[in-house]
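All residue numbers for the sequence shown refer to my numbering, where the first residue is 160 and numbers rise by one.
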Amino acid sequence: MTSTDTIAAIATAVSPGEGGIAVIRLSGAQAQAAVRAVVRTPGQQLWASHRVLYGHALAADGVQHLDEVLVLVMLAPRSFTGEDVVEIHCHGGVIAVQQVLDRVLDQPGVRRALPGEFSQRAVLNGRLDLTRAEAISDLVAARSRRAAELAMAGLDGGLQRHISAARERLLDQLTELEARVDFEEDLPPLDGSALLAELQAVGVALRQLLADGRRGEALRQGLRVALIGRPNVGKSSLLNRLSRRERAIVTDLPGTTRDLLESEIVLEGVPITLLDTAGIRATADAVEQMGIARSEQALASADVVLLVVDGHAGWTDEDAALLERLPEGVPHLIVANKGDCPAGPMPDTIEPDVTISALHGDGEEALIQRLLQRCGAAETGGVVLSLNQRQRDLALRAAEALDRSREVAAQELPWDFWTIDLREAIRALGEITGEELTEAVLDRVFSRFCIGK
Numbered sequence: 160m161t162s163t164d165t166i167a168a169i170a171t172a173v174s175p176g177e178g179g180i181a182v183i184r185l186s187g188a189q190a191q192a193a194v195r196a197v198v199r200t201p202g203q204q205l206w207a208s209h210r211v212l213y214g215h216a217l218a219a220d221g222v223q224h225l226d227e228v229l230v231l232v233m234l235a236p237r238s239f240t241g242e243d244v245v246e247i248h249c250h251g252g253v254i255a256v257q258q259v260l261d262r263v264l265d266q267p268g269v270r271r272a273l274p275g276e277f278s279q280r281a282v283l284n285g286r287l288d289l290t291r292a293e294a295i296s297d298l299v300a301a302r303s304r305r306a307a308e309l310a311m312a313g314l315d316g317g318l319q320r321h322i323s324a325a326r327e328r329l330l331d332q333l334t335e336l337e338a339r340v341d342f343e344e345d346l347p348p349l350d351g352s353a354l355l356a357e358l359q360a361v362g363v364a365l366r367q368l369l370a371d372g373r374r375g376e377a378l379r380q381g382l383r384v385a386l387i388g389r390p391n392v393g394k395s396s397l398l399n400r401l402s403r404r405e406r407a408i409v410t411d412l413p414g415t416t417r418d419l420l421e422s423e424i425v426l427e428g429v430p431i432t433l434l435d436t437a438g439i440r441a442t443a444d445a446v447e448q449m450g451i452a453r454s455e456q457a458l459a460s461a462d463v464v465l466l467v468v469d470g471h472a473g474w475t476d477e478d479a480a481l482l483e484r485l486p487e488g489v490p491h492l493i494v495a496n497k498g499d500c501p502a503g504p505m506p507d508t509i510e511p512d513v514t515i516s517a518l519h520g521d522g523e524e525a526l527i528q529r530l531l532q533r534c535g536a537a538e539t540g541g542v543v544l545s546l547n548q549r550q551r552d553l554a555l556r557a558a559e560a561l562d563r564s565r566e567v568a569a570q571e572l573p574w575d576f577w578t579i580d581l582r583e584a585i586r587a588l589g590e591i592t593g594e595e596l597t598e599a600v601l602d603r604v605f606s607r608f609c610i611g612k
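Listed below in structure tokens is the structure:
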């Protein structure tokens, strides 16, 4: 499989009975020829760039109609990938679009696209830098409005401009240093203090980007919040309250929830997966035991745990036992439910973080704010750019390389020692934008994309 192949894939979500259209995308030298062989366009329609043609996709016998389609032609270099790109717009669904795709893949020189291969070709052909390509993937995967806004900021080039500006500042300093290494006797002295101040200023800017990236991670990836508590304390009522719908069955019978229930919500722009766990207790019921086992797995994978207690009944030995079972290192909140009833006794060593009434909604806003604060997602309003994990690792590598320049300056080492860490920082920033990349890195980045993008 080489970058000279013509590739094809369905570029839209496909689901039975849903979607008005489905798009098949081709990119490469054989894209137009392959579509011409599959689609018959009546009359004298012109196969020119950036024109839409009407026709029918035909079966292999050249007679049977598979679908009524539109064809969009975008010839190089004015296309997403920089190559000839042709799209076939079929009716939505599954069968028709898959039949047309199979016909396309039967054409000489055409193969199925790998995940992210269209975006990868756009980067290799200079149509996108790597940060913009990754922003496309983030936009497709966005689960909230704020996550989409962050992705668009990256797609608009905001991150690329920040990283490229920092890299240019370092390249300017490297040029000065290398000139002193080769021609120091012929040039005016270099101010080491000013040089160090400039390197540290770039390092501070990178640290700020890293801080924004950590806060933005909650907006991008979302949080998993597990609700735990002994049976009948109101976990399911709380889930339904936050979800704004009857997601869980609520009764007065203890042990009603016997399996792990999930609900997707958005709180203050942060995507949240709520996990309503089966009440953890000793039981001989085999079905309930399976639910409890799944609950314990959910606790281990959660970003934060809400330990729900019955505020009217007060603290019990069972509540204390559950608190002891919470995974070490996972943040938790103690939520006293049934705040609309008289409060029961609580030990001096235990104070609920929030008191709520899942039935009436009292205390709900306080719970949301404490939840976001506990998992570090409360201050995301000022985040305008967000680095993904790969970008954060590289930005951190660059910042740490610049930090080492302080030690070099303190030891008053020759200029060529300064260039070692400076080059490392420049390389790391180049990998963020794609200016310095290997094929292995590209393959790893784009393997996480969806097929057709």
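Idealized CB from N, CA, C, for every residue including glycine.
Starting from the Cα of residue i, find the closest Cα among the options and give me that residue.
| i | options | result |
| --- | --- | --- |
| VAL194 | GLN367, GLU423, GLY268, ASP499 | GLY268 |
| ALA370 | ALA587, ILE591, ALA558, LYS612 | ALA558 |
| GLU510 | ILE493, LEU225, GLY520 | ILE493 |
| ASP478 | ALA216, GLY388, LEU465, ARG210 | GLY388 |
| MET505 | SER516, ASP476, LEU485 | ASP476 |
| LEU561 | ARG549, LEU572, ARG582 | ARG582 |
| GLY498 | ILE579, GLY221, SER516, ALA325 | SER516 |
| LEU465 | VAL513, THR508, ALA502 | VAL513 |
| ILE322 | ARG607, ALA554, ALA599 | ALA554 |
| ILE585 | VAL222, LEU333, ARG607, GLN456 | LEU333 |
| ARG551 | GLY488, TYR213, THR163, GLU376 | GLU376 |
| ALA235 | GLY285, ILE579, GLU421, GLN223 | GLY285 |
| ARG529 | GLU335, SER545, VAL463, LEU329 | VAL463 |
| ASP469 | ALA461, GLY503, GLU455 | GLY503 |
| LEU225 | GLU483, LEU309, GLY214 | GLY214 |
| GLU337 | ARG603, GLY520, PHE576, GLU595 | PHE576 |
| LEU398 | ARG271, ILE527, VAL263, ARG199 | ILE527 |
| VAL263 | GLU357, ARG533, ALA219, ASP243 | ALA219 |
| ARG549 | CYS534, ARG607, LEU458 | ARG607 |
| GLN258 | TRP206, ALA216, LEU330, THR200 | ALA216 |
Can you give me the Cβ contacts of residue i inside the same chain, cut-off strictly under 8 Å, excluding the 5 residues immediately before and after it?
| i | result |
| --- | --- |
| VAL282 | ASP288, LEU289, ALA292, GLY593, LEU601 |
| ARG565 | LEU355, GLN359 |
| TRP474 | VAL468, GLY503, PRO504, MET505, PRO506, ILE509 |
Residue i by DSSP, collapsed to three states: which one?
| i | result |
| --- | --- |
| ILE166 | strand |
| HIS250 | strand |
| ASP331 | helix |
| MET311 | helix |
| GLU177 | strand |
| ARG406 | The pLDDT assigned to ARG406 is 39, lower than 50, so where the model puts this residue is not dependable; a value taken from the coordinates is nonetheless given after this. ARG406: coil per DSSP, three-state reduction. |
| SER422 | strand |
| VAL244 | strand |
| THR290 | helix |
| ARG199 | strand |
| THR138 | Since the first residue shown for the chain is 160 and the last is 612, residue 138 is missing from the structure and cannot be characterised. |
| THR415 | Residue placement at THR415 is flagged as unreliable, the pLDDT there being 42, under the threshold of 50; the coordinate-derived value follows with that caveat. Note: THR415 maps to coil in three-state DSSP. |
Who are the Cβ neighbours of residue i in its own chain at under 7 Å, not counting the five residues just before and after it?
| i | result |
| --- | --- |
| GLY351 | ALA568 |
| GLY176 | GLY252 |
| SER460 | ARG383 |
| ASP521 | GLY498, ASP499, ILE515 |
| LEU482 | LEU466 |
| GLN319 | ASP288, THR290, ARG291, THR592 |
| ALA255 | LEU225, ASP226, CYS249 |
| ARG199 | GLY214, HIS215, LEU217 |
Should residue i be counted as a contact of the ligand COA given a C-beta to heavy atom distance under 6 Å?
| i | result |
| --- | --- |
| ALA207 | No copy of the ligand COA appears in this structure; indeed no ligand is present at all. |
Mark residue i as exposed unless 16 or more other C-beta atoms lie within 10 angstroms of its C-beta, in which case mark it buried.
| i | result |
| --- | --- |
| PRO348 | exposed |
| HIS248 | buried |
| GLY313 | buried |
| THR508 | exposed |
| GLU227 | exposed |
| PRO430 | buried |
| ILE180 | exposed |
| ILE613 | With the chain represented from 160 up to 612, any question about residue 613 goes unanswered, as that position is not in the structure. |
| GLU571 | exposed |
| THR240 | buried |
| ASP297 | buried |
| GLU590 | buried |
Beta carbon of residue i, beta carbon of residue j: below 7 Å?
| i | j | result |
| --- | --- | --- |
| THR165 | GLY187 | yes |
| VAL392 | VAL467 | yes |
| VAL253 | VAL182 | no |
| GLU423 | THR436 | no |
| GLN203 | LEU212 | no |
| ALA325 | ALA364 | yes |
| ALA168 | ILE579 | no |
| LYS612 | SER208 | no |
Please go through the same chain and pick out, in chain order, the residues whose beta-carbon is closer than 6 Å to the beta-carbon of residue i, but skip the five residues on each side of it.
| i | result |
| --- | --- |
| CYS500 | HIS471 |
| ARG556 | ALA587 |
| GLN266 | ALA193, ALA196 |
| GLY488 | none |
| VAL244 | SER186, MET233, SER238 |
| LEU231 | VAL211, GLU246 |
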